[in-house]
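Line by line, the protein sequences give chains U and F.
When the first sequence is numbered by our numbering, its final residue is 287 and no position is left out of the sequence of numbers.
When the second sequence is numbered by our numbering, its final residue is 558 and no position is left out of the sequence of numbers.
The C-beta atom is built at its ideal place from N, Cα and C for all residues, glycine as well.
The structure presented is a predicted model; accordingly, all values stated were derived computationally and were not measured.
Below is one structure, written out as C-alpha cells; comments come after it.
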Amino acid sequence: MTSVDTRQTSSIVPLQEAVIKALTALQVMSEQLRTKLADHYTCLTDEQIQTFFAEGLLKLEEYEQDLLFAPQFTVKAEQRIAFASPFALNVYSKKDVEAAALAIEALKLQVTFRLASGLELKVPLTAVIAERFMKSLHLHKPLSDSLRSFIERDIPEKFRAHVALALRDDIFQFEKYQRLFIELAHRLSAKAVWTTSQIDFVTNVIKTYTPQTLEDLAEKLERLIQSCQEDMATAETRSYHHPQILGSNMGSSHDHHEAQAVKDNYSQIIKNAQVLKLLLQ
Amino acid sequence: MMNATNESNTQKFPAWYDGVRAKEVLDAYNNGGGSSLAADEFVAKSILPASTGASRDFSYIAPELPQLNSENCVGCMDCVTNCPDTAILGKVVMPNTLEEALAGIQDEEYKAHIRQQFSETRKYYTAFQKKHEKDPENNPEGGMFGIFIDPTKCKGCGECVAVCGDHDALKMVKKTPDNLPQYLSDFGFYRSLPASPLTHINAKDKRDIMLKPAAIRQYAGGAGSCMGCGEASVLRQVFAMTHEKVGDRYGIVASTGCNTVYGSTYPYNPYAAPWTNSLFENGPADAMGIRAFWDQQGQEDWVVWNIGGDGAMLDIGLNALSRLLASGMNVKVLILDTQVYSNTGGQQSTASYTAQESKMGAHGTSKGGKSEKRKEIAQIALMHPNTYVAQTIGPLTTHFYKVVERALAYNGPAVISVYTTCQPEHGVADDMAAIQARNAMKSRAFPLMIYDPEAGATLAQRISLEGNPAPNRDWVIEKDADGNDQEYNFLSWARTEGRFRKHFDKDGNPNSQTILNAMQDRLENWRLIQQLAGVSNEDFMKSIATPV
C-alpha cells in the first residue's frame with residue numbers, strides 16, 4: 007500500500023537557478039565522456055572534438071545527446087547531498103522538472119568543458135543536459151506528507167536533508183518501510199548514534215533486504231554479518247573488485263591489497279549491522 | 011497503428027539431441043552427483059551438447075550482486091556488452107505488454123519492485139514516443155527498458171558497475187540468502203517477457219545486438235572463466251556479431267588455452283555454434299581443413315573462426331597460423347592476447363611485455379622480469395598476402411564491432427588480435443577488464459590498428475590508427491589538477507598493474523632500467539606503426555630535427 011504525496015509542488019525557480027549555476031560553471035571533461043567521443047564519434051584530438059561540438063552535435067538526436075552526455079551530468083551520490091540539501095524537503099513533480107529543463111534550454115546558455123589539454127570548449131546547455139542533471143537529484147521522487155512531518159519533527163537538523171534525500175527511494179513509497187525506518191530512527195535518536203553512514207546503511211538495508219518487521223530485520227542483519235564474515239575468512243584466497251591499484255600501493259602484494267580492501271569494506275558493513283542490531287534489542 | 015515486432019524466443023533442438031539425457035547429466039552435475047553417472051554417447055565421443063552452460067548454476071560464487079537504479083539508466087547497453095558471463099541482460103518491452111505481465115503478479119509490493127526495474131529512457135521510450143504521437147500509423151510507441159541480473163551466471167566481478175561508471179545506475183550489494191531469491195524471481199520475470207521488439211533495436215548502435223535473444227545465446231555463460239575475465243566478454247561480442255551477419259552458418263576451432271578450458275568443462279558448453287578443440291599448435295591447420303571441407307560441400311558462405319591465446323598464436327602455433335594466412339583461405343582468426351600463458355599458470359609468452367613478471371620471467375636480483383621485447387603479431391600478420399588485420403580492444407565497442415564486421419565481410423584470411431585483461435596474471439582487480447584494456451591502448455602498450463588490404467593502393471592508405479588518442483604524438487598529454495602538462499605513457503599504465511609492480515618504488519616511481527627499456531620498446535613500436543600508417547609524429551620529427 008503506497009501513501010500519496012498530496013502537497014502542492016514547491017516553486018522550482020530556486021532549484022532551477024541553482025542548476026543553471028552548476029551547469030554553467032566550468033566542467034572538467036570526464037574520462038567517460040572523452041572515451042565516448044573517441045569510441046562513438048571518432049573524436050581523438052582536441053581539434054576533432056572542437057569540430058564535433060560545433061557541427062556534429064547539432065545533428066545528434068536527443069537520445070544520442072543523452073547517451074553521450076549523461077555520465078558527465080549525472081549527479082553522483084556523494085555530490086547529491088551537498089547540492090540538493092537546500093531542496094531536500096521540497097516537492098517537485100516529474101513534469102515540473104521537465105518544464106524547468108526546457109525553460110533552461112530557452113535561455114540559450116552554454117556549458118563550458120575544459121579538456122585534459124586545458125582547451126575550453128562550449129556546447130549549448132540543452133534540455134537534455136539540464137533534465138539529466140535534475141532527474142539524477144531524484145527530487146521529483148515523492149516524499150510522503152507523513153515522512154516529511156516526521157523528518158521535520160524528529161530528525162536532528164544536521165541530518166534532515168540527508169534523510170529526506172535517502173527516503174526519496176521508491177521502497178519508501180510503502181508505508182511498512184516508512185514505519186520501519188521511523189521506528190529505527192527513533193531508536194537511533196534515543197541512543198544518539200546518528201551518523202550519515204548509519205543513515206545510508208539503514209536505508210540501503212531496507213531497500214536491499216526488504217525486512218518486513220523489526221524481528222525480521224534482526225534476522226536478516228545476522229545473516230548479512232555471517233555472509234560478510236564468511237567472505238572475509240576466504241578473502242586471501244579469492245579476488246574481488248575494488249578501486250584501481252595505484253602506484254603508492256605497490257609496496258604490498260596485489261592479492262593482499264585486494265583481500266584487505268574486502269576486509270575493510272565488510273568490516274564496516276558488520277560494524278554498521280551490529281550497531282543496528284543493538285538498537286533492536 | 012504500427013505494432014512492435016518481436017524476434018522469436020523459441021529454440022528447436024535437432025533430432026539427434028537427447029534432451030532427456032542432457033537434462034539428467036546437467037541435473038546431476040548441478041547437484042554434485044556427476045561422478046556417479048554412467049558413461050554415455052556424448053562422453054564416448056568427447057561431445058558436449060550446445061549451450062549447456064545456460065543450465066549451470068553459479069549462484070554460490072558471487073559475494074555481491076549488481077543492483078540497478080533504473081532512474082539513472084540511459085539504456086547504453088555497456089553493462090550488458092561487457093559482462094563476461096551473460097549475467098546481466100537488457101530488455102525493451104512495450105508498455106501494454108509490461109502492464110499485462112505485471113497484472114499477473116498478485117503481490118503489490120513485488121509488482122512495484124518489478125516496475126522499478128524499468129525506465130522511460132530517451133533511447134527506447136521518448137525518441138519513439140515523440141514520433142508515435144506525431145504519426146501513430148507509422149511509428150511504434152515508446153518501449154520501457156529494463157536491466158536484469160541472472161544470479162545463476164553472475165560471479166560478482168563488478169565489471170558492469172565499472173563500465174556503467176558515472177551513470178551511477180549500478181552498484182554492488184552484498185549477496186545473502188535474503189536477497190538472492192528476489193534476483194531469481196526478477197530474472198524469471200525477465201524470461202517470461204517476449205523478446206525486445208526489433209523495431210526498438212537501434213541499428214546505428216551495435217551494442218543493441220545484445221538485445222536479441224539469438225545473439226545472447228551464442229555464448230550462454232556458465233563457463234568456468236575467472237571473475238571479470240576479459241576474454242569471455244570479447245567472445246560474447248564476436249559471436250553475437252557473427253550470428254548477426256551469418257546466422258547459424260559458422261563454426262569455431264579453438265586452439266588450446268584458457269578459452270578451451272573454461273569453455274569446455276563437461277558438461278557445460280557456453281557455445282551455440284559447432285565448436286572443436288585442437289592443441290596449441292594446430293588450430294589453424296584444423297580450421298583450414300574445415301574450411302576446405304565446407305568449400306567442397308558448397309558451404310563457402312559459412313564462417314570458420316579459429317580462436318586462440320597469445321601462447322597458441324604467437325608461440326606454439328605461429329607456423330600453422332602463418333601457413334593459414336599464406337594460403338589465402340577464408341578463415342577468421344581471433345587472438346585473445348593476455349600477454350601470458352594464463353591457462354597453464356602464467357608463463358611468459360612472446361607477447362609478454364618487457365619487464366613483465368611471470369613464471370619463466372621472474373623478477374629477481376639478476377633479472378627484472380622479461381628482458382626480451384614483445385612480439386607484434388599484427389605486424390607479422392599484415393605482411394602475409396591479402397590478409398585483413400586488426401588490433402583492437404573489446405570495450406571500444408564501435409571500433410571492435412567495426413573490425414569484426416569487416417573481417418567477416420572480407421573474402422580471405424582475417425586476424426583480429428584483441429587485448430584481453432587477465433586479472434590473476436596482470437594483477438588487477440576483477441572489475442578492471444575494460445578500464446585496463448582502454449588504458450593499455452591509451453599508453454601505447456597496445457595501440458589500435460587496422461590493416462585492410464582493400465582500403466587503398468599504398469600501405470599508408472591501408473593502415474588506419476583510428477581510435478588511438480593523440481595519434482600524431484608520442485604519448486597522450488593531459489593537464490593535471492594544477493594545469494600542468496602530464497604525459498600518459500607506458501609507465502602511467504604499467505604502475506597500475508601488479509605484473510610490473512616490482513619496477514616501481516612505493517611512491518610509484520620507476521626503479522629499474524628494464525621498465526624504462528619496456529617504455530622505449532613501446533614507443534618504438536608506436537612510432538613504427540605511425541610510420542607504416544603514414545602518420546607524422548610531431549614529437550618524433552622534433553627529436554630528429556634537434557642537433558645532438
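Buried versus exposed, by CB contacts within 10 Å (16 or more), residue i
i: ARG511/F; result: buried
i: THR375/F; result: exposed
i: GLU23/U; result: exposed
i: ASN41/F; result: exposed
i: GLU84/U; result: exposed
i: LEU346/F; result: buried
i: VAL244/F; result: buried
i: VAL199/U; result: exposed
i: TYR183/U; result: buried
i: HIS436/F; result: buried
i: VAL30/F; result: exposed
i: ARG185/U; result: exposed
i: ALA172/F; result: buried
i: CYS268/F; result: buried
i: GLU74/F; result: buried
i: ILE275/U; result: buried
i: HIS192/U; result: exposed
Residues that residue i contacts on chain F, provided the C-beta gap is smaller than 8 Å
i: ILE275/U; result: LYS184
i: ASP72/U; result: VAL84, THR131, ARG132, LYS133
i: PHE180/U; result: GLU119, ALA122
Selection from the options that minimises the alpha carbon distance to residue i
i: ASN519/F; options: SER274/F, GLU507/F, LEU501/F, GLY273/F; result: LEU501/F
i: ARG246/F; options: LYS516/F, MET220/F, MET442/F, MET237/F; result: MET220/F
i: SER65/F; options: TYR229/F, ASN149/F, ASN148/F, SER45/F; result: TYR229/F
i: GLU130/F; options: TYR69/U, PRO148/U, ALA94/U, ARG166/U; result: TYR69/U
i: ALA113/F; options: LEU406/F, SER202/F, GLY338/F; result: SER202/F
i: ARG120/U; options: SER155/U, PRO162/U, ALA88/U, PHE59/U; result: PHE59/U
i: GLY156/F; options: ASP196/F, GLU435/F, LYS141/F; result: ASP196/F
i: LEU223/U; options: ALA88/U, VAL208/U, GLU181/U; result: VAL208/U
i: TYR420/F; options: SER46/F, LEU475/F, VAL314/F; result: VAL314/F
i: HIS123/F; options: ARG138/U, ALA239/U, ILE177/U, ASP52/U; result: ILE177/U
i: ASP495/F; options: ALA122/U, ARG138/U, PRO20/U; result: ALA122/U
i: MET451/F; options: ALA465/F, SER427/F, PRO479/F; result: PRO479/F
i: PHE456/F; options: THR348/F, ALA250/F, THR397/F; result: THR348/F
Residue interval of the alpha helix (DSSP H) (run including residue i)
i: GLN235/U; result: 220-239
i: ARG120/U; result: Run containing ARG120/U: none in the alpha helix (DSSP H); it sits in the beta strand (DSSP E), 116-120.
i: TRP503/F; result: 500-504
i: MET182/F; result: It is not in any alpha helix (DSSP H) - MET182/F instead sits in the beta strand (DSSP E) that spans 180-184.
i: ALA54/F; result: 51-54
i: PHE303/F; result: 293-306
As assigned by DSSP and simplified to three states, the class of residue i
i: ALA424/F; result: strand
i: THR96/F; result: coil
i: TYR461/F; result: strand
i: PRO405/F; result: coil
i: ASP117/F; result: coil
i: GLN77/F; result: strand
i: LEU113/U; result: coil
i: TYR278/F; result: strand
i: ASP320/F; result: helix
i: TYR70/F; result: coil
i: TRP536/F; result: helix
i: TRP285/F; result: strand
i: HIS253/F; result: helix
i: HIS248/U; result: Low confidence applies to HIS248/U: its pLDDT is 41, below 50, so where it sits in the model is not reliable enough to give any reading.
i: VAL129/U; result: strand
Extent of the continuous beta strand (DSSP E) run through residue i
i: PRO191/F; result: No beta strand (DSSP E) contains PRO191/F, which is instead part of the alpha helix (DSSP H) from 190-202.
i: ALA264/F; result: 260-265
Contacts that residue i makes with chain U (C-beta to C-beta distance below 7 Å)
i: ASP188/F; result: TYR215, LYS226, ARG229
i: ARG448/F; result: THR41
i: HIS177/F; result: ALA76, PRO77, THR80
i: LYS489/F; result: ALA122, SER123, GLY124
Neighbour list for residue i in chain F, Cβ cutoff strictly below 7 Å
i: ALA44/U; result: GLY477, PRO479
i: THR51/U; result: ALA480
Contacts that residue i makes with chain F (C-beta to C-beta distance below 9 Å)
i: LYS141/U; result: GLU81, ASN82
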